[in-house]
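Per UniProt numbering, residue 1 is the first one in the sequence shown, and the count goes up by one each step. Don't be surprised by glycine CBs; every beta carbon is placed ideally from N, CA and C. See structure below.
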Amino acid sequence: MNRSKFQTDDLVIIEPSYYSDGIPVFHPTSKQFDNFYQFNKAINKYGMKSGIIKVIPPRKWLDLLAHNYSDDRINGIKIRNPIIQHIHGTSNGVYSQQNVERNRSYNIYQWKKMSESSAHQPPTSTSLSRSKRGNADHDHKHNNDKDHDNANHDNDGAYHSKLPVDGKKFNIDTSEFTSKRCQALEKVYWKSLTYTEPMYGADVLGSIFDDTITSWNVNHLPNVLDLMEEKVPGVNDAYLYAGLWKATFAWHLEDQDLYSINYIHFGAPKQWYLIPQNQETKFFELMKQIYDDEWRSCPEFLRHKTFLVSPQFLDKHGIKYNKVIHYQGEFIITYPYGYHAGFNYGYNLAESVNFALDDWFIIGEVANICQCIPDAVHININELRSKFYGTPCIPDDTDTDDDKEKEEVQQLNPKKRSTPDLKRLSLHKIQYETSAAEVRCGLVVFNDQQNFQLQLLNYPQLDKIESVPYRDVIVDDDWNYFWVKQRKLTLSLKMDRTIHK
């Protein structure tokens, strides 16, 4: 295996250019941007805290995309069986979504034409102005003490003052989507979400990128999933997403807690909402209470992508969240344990796929799989890891019950564990800080049938972790402490690489 694409320099430091509503925004240089794997290793610690980041590509890379938007490539886009979204909810900001396929196909120009109908285009600036006074009670403040003054970044998309897709007949005039107008449209979206039935051309297998784009080509990203022997649509084979006004993606995590990357080729922005990792447990518990029947039917119900709550609802229940407007010519990357949701501000075309760094092995290993979806993604991590490190692979499938039990111990195979409470443990992080080092994100994993470990996601080199019998463990609501036999143990970190009482 050619491992050169995975070689990284630990001394490379890449910091956000600024923060926007709690989300790190990166303007990499061409040199930083050239190595996808190195770049993402360098910024991983930021995404593992915020749950999502934005990357604005160098101008040089954007200019290279011009030939990707030739008539032949654009005319070849087929949006097959788009979904009609039936969204039901109440005035308190809790919704459920049912997607029904429409049995027909559209080319991109037919899709654009449909976006001009009253049902699929956002209100005009004039109509928004008339209703502005009436929306005052829907305003809510969303503060983050790490945010820079967003007025300095009123429209990140303005950075791309002229893109290769601007002025093309398949595109629209995107200059109207300033951050101010998007804020007004956001209020309209949440106020009128159930009034219409949005349409979304989601999960369309295909790519706009051709093979001449060698860096940040969404369909050919150098990452751990390259080592898979088969192509899995949406996982290591790109999907296109054709948006219209209000087309919605409900709260969810990625399959097997993978990373994801999303690039808007052209058109209107997307609005993203993100639950940072330190709020994941609190968010899940809230959603579990709201959708109790669904949770009892499937402990991984949020992987169904059908449940939605509003920002105002999160504010009311003390759940901190981040949000960001995603413009054409920009990347959004989501991270493990970062629940995300959002909607489209209008007609657009985006491309998305999952990916993984070697940091993900331990995360994917303990990820819970939805058992009620027959084709739920389940990646053989043991095989990927052996390929990545060049070590022998121990087969997952064995013939005897004794061998299966041994495999559970050796491979941390979550499918073999049937106890619901233990499965929930494997999802949670323990938050803590120490003066010796800053480590804010750890992961509870199993090392055998009787014990679990705390491993450090951001600092995997600190790898000697105390094991504790799970039957003696109680964790508080915020996962700041855990108890063993009712005796409180405060986690701390010393540079001898040991977790102490």
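Spatial distance of residue i from residue j (CA atoms)
i, j, result
"N322", "I208", "29 Å"
"S115", "Q32", "37 Å"
"Y347", "I83", "15 Å"
"K49", "Q277", "6 Å"
"I290", "D173", "40 Å"
"F388", "T90", "49 Å"
"G234", "T124", "34 Å"
"N217", "N223", "12 Å"
"D227", "L384", "The residue you asked about is not Asp; residue 227 is Leu in the sequence shown. Those two C-alpha atoms are separated by around 6 Å."
"L286", "I52", "21 Å"
"R80", "V100", "13 Å"
"K54", "A341", "15 Å"
"H220", "F6", "14 Å"
"I77", "G318", "43 Å"
"D478", "D72", "Caution is warranted here: a pLDDT of 43 is assigned to D478, below 50, making its placement in the model unreliable, and no coordinate value can be reported."
"Q312", "P57", "32 Å"
"I108", "L349", "9 Å"
"N236", "N103", "26 Å"
For residue i: DSSP bridge partner residues
i, result
"K54", "V25 and I332"
"H88", "S96"
"N348", "G243 and G267"
"G390", "G390 pairs with nothing; no bridge assigned."
"W272", "V324 and G342"
"T248", "F343"
"I43", "Answer is none; I43 lacks a bridge partner."
"Y18", "V25"
Residue i burial status per 10 Å Cβ neighbour count (16 or more: buried)
i, result
"V366", "buried"
"D63", "exposed"
"I325", "buried"
"A66", "exposed"
"E229", "exposed"
"L244", "buried"
"N92", "exposed"
"G329", "buried"
"A268", "buried"
"P392", "exposed"
"K180", "exposed"
"L339", "At residue 339 the sequence reads Tyr, which differs from the Leu that was named. Y339 comes out buried."
"I474", "In this prediction, I474 scores a pLDDT of 44, lower than 50, which makes its location untrustworthy; no coordinate-derived value is stated."
"Q38", "buried"
"P28", "buried"
"R296", "exposed"
Residue i, DSSP secondary structure in three states
i, result
"L253", "coil"
"M199", "strand"
"P311", "helix"
"V188", "helix"
"R80", "strand"
"I373", "coil"
"D478", "Bear in mind that the predicted position of D478 carries a pLDDT of just 43, short of 50, making it too unreliable to give a figure here."
"V204", "strand"
"F170", "coil"
"I379", "coil"
"S115", "helix"
"Y291", "coil"
"D9", "coil"
"F301", "helix"
"D63", "helix"
Presumed contact (8 Å Cβ cut-off) between residue i and residue j, rounded CB distance
i, j, result
"Q371", "A250", "Not really, about 20 Å apart at Cβ, beyond 8 Å."
"Q121", "Y200", "That pair is no contact at about 15 Å."
"A247", "S352", "In fact, because the Cβ distance is near 14 Å, the residues do not count as touching under 8 Å."
"T186", "Q271", "A quick correction: the sequence has Glu, not Thr, at residue 186. So it is a contact: roughly 6 Å between Cβ atoms."
"F170", "Y263", "Wrong, their Cβ atoms sit about 16 Å apart, outside the cutoff."
"residue 502", "D292", "Absent from the model: residue 502. The displayed extent of the chain is 1 to 501, so no value can be given."
"Y19", "V12", "Not really, about 21 Å apart at Cβ, beyond 8 Å."
"L357", "N68", "Incorrect: roughly 26 Å between the Cβ atoms, too far for contact."
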